[in-house]
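Colleague: Before I ask anything, let me first share the structure, which is written out below as structure tokens.
Numbering (this note's numbering), first residue to last: 4 to 242.
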């Protein structure tokens, strides 16, 4: 992929996040004076390689009107779909309509506000160099146990070669758009965008990402995110 091709972030933010046990969608929960989504936008839009963002929201989302972010880069709003894959697809079609197919898309979870610029540098560079795109991921270090129906250990699974998929996941727009169209048309359930690309016959590159790239999903994650955020800021202050 040419270094001249623009990079746009696509942030699916139409989910409700029931595991957080909160009355509002988890992307609007706050720490350090900002919502998770605002922190996420600040991280992405402050990166010099990212030209703008598409935020995919529920059609009746009114909380977005209260969002502010520090960048003057362009942010578009697209309507969310039934499932995450439909939401990402809607964001991609908006970009295709405005800019054509010569776009690199960086799909990022709205509740990962702590992604670091070094990781963004590396995953974008890998995606530019790799036709199938690239994703941030982390090698598995814990021992894996398979349960039986009685919630007992059935057996231990080998962890060699296994990675946890993170985001961003970065692809050429047309590769991901075609892959998502196929899984939507065939009604295939997927758990991340890379899976759609894999099913289309591609093998995206794995880029080792920081363990601090936390996905905020459970009630205790918000306090952990704040501690990581403060630690990252302290490190920046001493650089």
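From the three backbone atoms N, C-alpha and C, an ideal C-beta is built for every residue, glycine too.
Checking 7 Å against the spacing of the C-beta atoms, do residue 92 and residue 135 come in under that value?
Modeller: Contact: no.
Colleague: Bridge partners of residue 172, per DSSP?
Modeller: 110, 138.
Colleague: Can you name the start and end residues of the alpha helix (DSSP H) that residue 46 belongs to?
Modeller: Residues 39-48.
Colleague: Express the C-alpha separation of residue 234 and residue 89 in angstroms, rounding to a whole number.
Modeller: One C-alpha to the other measures close to 36 Å.
Colleague: Leaving out five residues on either side along the sequence, give the residues of the same chain with a beta carbon under 8 Å from the beta carbon of residue 159.
Modeller: Hits under 8 Å: 146, 147, 148, 149.
Colleague: What is the C-beta distance between residue 182 and residue 209, in whole angstroms, given that I count them as a contact (C-beta under 8 Å)?
Modeller: The pair is not a contact, with the Cβ atoms about 17 Å apart (cut-off 8 Å).
Colleague: Going by the CB atoms, is the gap between residue 47 and residue 53 shorter than 7 Å?
Modeller: In this structure, residue 47 lies closer than 7 Å to residue 53 by Cβ.
Colleague: Would residue 219 and residue 114 be called neighbours here (beta carbons separated by less than 7 Å)?
Modeller: For residue 219 and residue 114, yes; Cβs fall inside 7 Å.
Colleague: Identify whether residue 105 lies in helix, strand or coil by the three-state DSSP scheme.
Modeller: In this structure, residue 105 counts as coil in the three-state DSSP scheme.
Colleague: Taking C-alpha atoms, which residue in 175, 103, 116, 97 lies nearest to residue 128?
Modeller: The shortest C-alpha separation from residue 128 is found at 175.
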